[in-house]
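Data first, discussion second: the structure below is written as C-alpha cells.
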Amino acid sequence: MMVSTAVSVKIVNGDDADIEDHPWMVSFQIRTDGVKYTHQCGGAIIDKSWVLTAAHCNLYYSYKVKDMQIAAGSAFLSQMTDIIPLKQTYYPDNYDRSLEHDIMLLQLKTPLKFGSTINKIDLDTDIGKNYTGNLCTITGWGPTNITARKKPDRLQRVTLPAISNAKCGAKYSFFAETYWKNNIICLQEEGKDSCQGDSGGPVICNNDKKLAGTQSFGLGCNQTTPSVHTRISRYLDWIKDTVNTKNKKNKKDKKTKKNTKAKGKKSNSNKKKKKIDTSIK
Numbered sequence: 007m008m009v010s011t012a013v014s015v016k017i018v019n020g021d022d023a024d025i026e027d028h029p030w031m032v033s034f035q036i037r038t039d040g041v042k043y044t045h046q047c048g049g050a051i052i053d054k055s056w057v058l059t060a061a062h063c064n065l066y067y068s069y070k071v072k073d074m075q076i077a078a079g080s081a082f083l084s085q086m087t088d089i090i091p092l093k094q095t096y097y098p099d100n101y102d103r104s105l106e107h108d109i110m111l112l113q114l115k116t117p118l119k120f121g122s123t124i125n126k127i128d129l130d131t132d133i134g135k136n137y138t139g140n141l142c143t144i145t146g147w148g149p150t151n152i153t154a155r156k157k158p159d160r161l162q163r164v165t166l167p168a169i170s171n172a173k174c175g176a177k178y179s180f181f182a183e184t185y186w187k188n189n190i191i192c193l194q195e196e197g198k199d200s201c202q203g204d205s206g207g208p209v210i211c212n213n214d215k216k217l218a219g220t221q222s223f224g225l226g227c228n229q230t231t232p233s234v235h236t237r238i239s240r241y242l243d244w245i246k247d248t249v250n251t252k253n254k255k256n257k258k259d260k261k262t263k264k265n266t267k268a269k270g271k272k273s274n275s276n277k278k279k280k281k282i283d284t285s286i287k
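At position 97 of the sequence shown the residue is numbered 103 (the working numbering), and the sequence of numbers has no breaks.
Here it is in C-alpha cells:
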C-alpha cells in the first residue's frame with residue numbers, strides 16, 4: 007500500500023508558531039552515524055520524564071535508545087535549550103510495525119524543568135468524544151511544501167477540520183473497520199495538510215489545550231485523502247499504567263541507590279574510626 011512511510015508529517019500552507027503557545031512540543035532526534043543528531047519526528051511532553059510520539063518514528067528503522075534524544079525549549083531547531091537523552095521506549099502490546107496503534111512513549115533519562123517554554127499537556131480523556139467538525143491544530147518542523155526536502159528551522163502550525171471516521175475509513179480500506187472506527191482522528195481541508203517530515207506531533211482540537219491525538223500518516227501531501235492521527239483517549243490505560251509503573255520503579259531504584267550509598271559511607275566511616283582507635287592504643 008502506498009502509505010507514506012515518512013509519515014513524519016510536514017505542515018503544508020501553515021504559519022510560524024511560538025513555543026510559548028506550544029510549550030509541550032519537542033523534537034525527537036536520532037543519529038545514524040553515531041555522532042550527529044537530526045530531527046526525526048515531533049512529540050508532546052505529558053510528564054517531566056515522558057514524551058508521546060508515533061511508534062513508526064523508531065520501529066521502521068529500529069534505532070537504538072543510545073542514539074535517541076529529545077530537544078525542547080524553543081520554536082527553532084537551532085536554538086533548543088534542553089537536550090535530554092532517552093532512557094527507554096515503550097509501545098502498545100498490539101503494535102506490529104503497521105500503522106495501526108501508531109503510538110510510542112519516550113522515557114527520558116533526566117526530568118525536564120517546566121517553565122514558559124517547556125511544559126506538559128494534559129491528555130484528552132473523553133473516550134466517546136466525536137471530533138467531527140472540530141477545528142484541530144497540528145504542529146511540526148517538517149518541510150513546508152510538497153516538493154521541499156529541507157526542514158524549516160522554525161516550528162510550523164496549521165488548523166484543519168476533523169471529518170467523520172466513516173468518511174475517513176472509506177479512503178483507507180486496508181484498515182480493519184474496528185480500528186478506523188474507534189482509534190483515529192482524521193483531518194482534511196483543501197490546500198492545507200500534514201505530510202512527510204513530522205509525525206508524532208500533537209493534535210489539539212478546539213483550543214482546549216488537551217492532547218487529542220498524535221500525528222500518524224497520510225497518502226501523499228495536500229491531496230484528496232485525509233491525514234490520520236492516533237486517538238489518545240483509546241490508549242489512556244496503557245499510557246497511565248506504563249508511566250505510573252516506571253515512575254514508581256525509578257523512585258524505588260533511587261531510594262535503594264541512596265540507601266546503598268549511605269551504608270557505604272557509614273561503613274567507611276567505621277573503618278576509619280577503628281583504625282584511629284587502634285593507633286591510639
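A virtual CB, placed ideally from N, CA and C, is assigned to each residue, including glycine.
6 Å CB neighbourhood of Cys-174 in its chain, flanking five on each side removed: Result list for Cys-174: Cys-192 and Pro-232, in chain order.
heavy atom of the ligand NAP below 7 Å from Cys-63 C-beta: Absence of the ligand NAP from the depicted structure is noted, as is the absence of any ligand whatsoever, leaving it without description.
Three-state secondary structure assigned by DSSP to Asp-24: Coil, per DSSP.
Helix, strand or coil at Ala-218 according to DSSP, with G and I counted as helix: DSSP places Ala-218 in coil when its eight states are reduced to three.
Extent of the continuous alpha helix (DSSP H) run through Trp-186: Its alpha helix (DSSP H) spans residues 183 to 188.
Backbone CA spacing between Trp-186 and Ala-172 [nearest angstrom]: One C-alpha to the other measures close to 8 Å.
Cutoff 7 Å; reference Ile-286; Cβ partners in own chain excluding five residues on either side: Below a pLDDT of 50, predicted positions are generally treated as unreliable, and Ile-286, at 36, falls in that range; the measurement from the model is reported next regardless. Result list for Ile-286: empty, nothing under 7 Å.
What residue range is occupied by the uninterrupted beta strand (DSSP E) comprising Leu-118? In the DSSP assignment, Leu-118 falls outside any beta strand (DSSP E), carrying neither H nor E.
Could you spell out the range, first to last residue, of the beta strand (DSSP E) harbouring Leu-65? Where Leu-65 is concerned, there is no enclosing beta strand (DSSP E), although the alpha helix (DSSP H) around it starts and stops at 62 to 65.
Tell me the start and end of each unbroken alpha helix (DSSP H) in the region 23 to 104 that is at least 4 residues and wholly inside, in chain order. With a minimum length of 4 residues, the continuous alpha helix (DSSP H) runs that stay inside the region 23 to 104 are 62 to 65.
Classify Ser-170 as helix, strand or coil using the three-state DSSP reduction. Ser-170 falls in the coil class under three-state DSSP.
Pull up the distance between the alpha-carbon of Asp-24 and that of Asn-253, whole angstroms please. Roughly 31 Å between the two C-alpha positions.
Near Glu-26, which residues of its chain fall below 8 Å by C-beta distance, leaving aside the five closest residues on each side in sequence? Same-chain partners within the cutoff: Ser-122 and Thr-123.
Could you tell me if Val-164 is buried or exposed, where buried requires 16 or more neighbouring beta carbons within 10 angstroms of its beta carbon? With 16 or more neighbouring CB atoms inside 10 Å of its own CB, Val-164 falls in the buried class.
Same chain, Cβ closer than 7 Å to Asp-132, five either side skipped, listed in chain order: Closer than 7 Å at the Cβ level, and outside the excluded window around Asp-132, lie Ser-239.
Alpha carbon to alpha carbon, how far is Leu-65 from Asp-99? Give it in angstroms, no decimals. Each residue's alpha carbon lies about 13 Å from the other.
What does DSSP give as the partner residues of Thr-165 in its beta bridges? Partner(s): Thr-143.
Can you tell me whether Phe-34 is buried or exposed, with buried defined as 16 or more other CB within 10 angstroms of its CB? Classification of Phe-34: buried, given that the 10 Å Cβ count is 16 or more.
With the cut-off set at 8 Å, would you say Ile-210 and Leu-118 are in Cβ contact? Contact: no.
Measuring CA to CA, which of Tyr-43, Ser-170, Asp-39 and Lys-257 is closest to Leu-83? Comparing Cα positions, the closest option is Tyr-43.
Bounding residues of the beta strand (DSSP E) (the contiguous stretch that carries Arg-240): Taken as a continuous stretch (DSSP letters only), Arg-240 belongs to no beta strand (DSSP E), as it is neither H nor E.
Consult DSSP for Ile-191 and reduce its assignment to one of helix, strand or coil. DSSP places Ile-191 in the strand class (E or B) of the three-state scheme.
For Asp-128, which of Ala-61, Pro-167 and Lys-215 has the nearest alpha-carbon? It is Lys-215.
Tell me which residues share the same chain as Glu-183 and place their Cβ nearer than 8 Å to its Cβ, disregarding the 5 neighbours each side in the sequence. For Glu-183, same chain residues with a beta-carbon under 8 Å away, outside a window of 5 residues either side, are Gly-175 in chain order.
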